[in-house]
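Residue numbers (this note's numbering): 1013 to 1410.
Shown next as structure tokens:
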């Protein structure tokens, strides 16, 4: 039996604890120094101990990360941006595997344990990006849990054959059905949403829909999605990514939509981008689950990003004026427990009897970890260190 004790670790509530680990399981979490430690141990010196971080939304299939710098080319509409991206993607396709793996490994070194990866499924790329992500998921199994979203970047109704491709993606191993701006991209709100929810219901998959709309179009989409969640019995299995329009609703409309989101347990993902953002505090106060994901990292849409969930939490906190220790702790939840709930993760968190998966961060508490994310991270998976960045530069990630 392999056994070790991590001494003097600091929990999110500030308490110092000793964490006893045996055979890849947390056997006990007890107050630091409450009894003598038997066997091998390591002193964490008061550093913050967190469960694995959760990145609830990313696009590894299109990142430039790890390759040569690519200048950002501005675009106009969503459709125009998609076409610009396709041209760039074709030119760089020969290094796509290398870039995706480089970003995924970096995410693990930052302490990410679970990633929801949106993969483009369209008439041009077909299932190529999906197969790449399936290879990545298999290679990094035990280091990174990857949920794959089959994402119809070019639409469904307006893109012949995409519905069949989405179905094949689910058969091959995708976990979630994606969607994108049903009203403006496809010009068919009901047709787009019916395709998404019918596929999800048929395959027992979740749903995660990108929404960028504003005004009346946004209201119609939120209402139509909430109706389908109830009709298909998919409460707790649906996320809306971005949902910019929530940030511009009047009080009466916002109260109505927030009530529907909370009642049907529809989660909202925000990465704190430029422009309007969902009002995260107002949503949380009304019982809506909010979580975060890095979204685009150094690609055709966005030249920024490191892949660090704590850096992401800081951005979301900054955009939403979350400055107090309590509100910064809430922001940490967007990349830990709240994100885990949105992605339906089971057995998540630090607890006796749970998996010995954790990340040790060079901070004295949640607020500091979010406001000033430290580079120093030690990552433990199944009771063994796979990355030690605080003391060395060793990494065992494949």
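C-beta: ideal position from N, C-alpha, C; glycine also.
Asked, Found
"Just checking, does the segment 1249–1261 make contact with the segment 1221–1237 on the three C-beta pairs under 8 Å criterion?", "yes"
"Pick from 1191, 1328 and 1077: whose alpha carbon is nearest that of residue 1114?", "1077"
"Less than 7 Å between C-beta atoms, sequence neighbours within five positions excluded: which residues of the same chain meet that for residue 1274?", "1298, 1299 and 1300"
"Counting only the same chain and skipping the five closest in sequence on each side, list residues whose C-beta sits under 7 Å from that of residue 1204.", "1168, 1169, 1191, 1194 and 1198"
"Here's a check: name, in chain order, each residue in its chain whose Cβ is nearer than 6 Å to the Cβ of residue 1039, leaving out the five neighbours to either side.", "1032"
"By DSSP, does residue 1225 sit in helix, in strand, or in coil?", "coil"
"Since residue 1129 and residue 1160 are thought to touch, with beta carbons under 8 Å apart, how far apart are those beta carbons, to the nearest angstrom?", "6 Å"
"Would residue 1409 pass as a contact of residue 1155 if the rule is Cβ separation under 8 Å?", "yes"
"So residue 1276 packs on residue 1247, CB below 8 Å; how close in whole Å?", "5 Å"
"Here's a check: name, in chain order, each residue in its chain whose Cβ is nearer than 7 Å to the Cβ of residue 1201, leaving out the five neighbours to either side.", "1194, 1195, 1232, 1233 and 1236"
"Are the beta-carbon atoms of residue 1024 and residue 1373 separated by less than 8 Å?", "no"
"Below 8 Å on the Cβ atoms is my guess for residue 1292 versus residue 1325; work out the distance and round it to an integer in Å.", "Not a contact, Cβ separation roughly 11 Å."
"If you count every other CB in all the chains shown that lies within 10 Å of the CB of residue 1207, and 16 or more means buried, which is it?", "buried"
"Could you tell me which residues DSSP pairs with residue 1220 in its beta bridges?", "1190 and 1251"
"What first and last residue would you give for the beta strand (DSSP E) that runs through residue 1140?", "From DSSP, residue 1140 is part of no beta strand (DSSP E) but of the alpha helix (DSSP H) over 1140–1151."
"Go to residue 1196, then tell me how far its beta strand (DSSP E) extends in each direction, as first and last residue.", "It is not in any beta strand (DSSP E) - residue 1196 carries neither H nor E in the DSSP assignment."
"Please classify residue 1385: does DSSP put it in a helix, a strand, or coil?", "coil"
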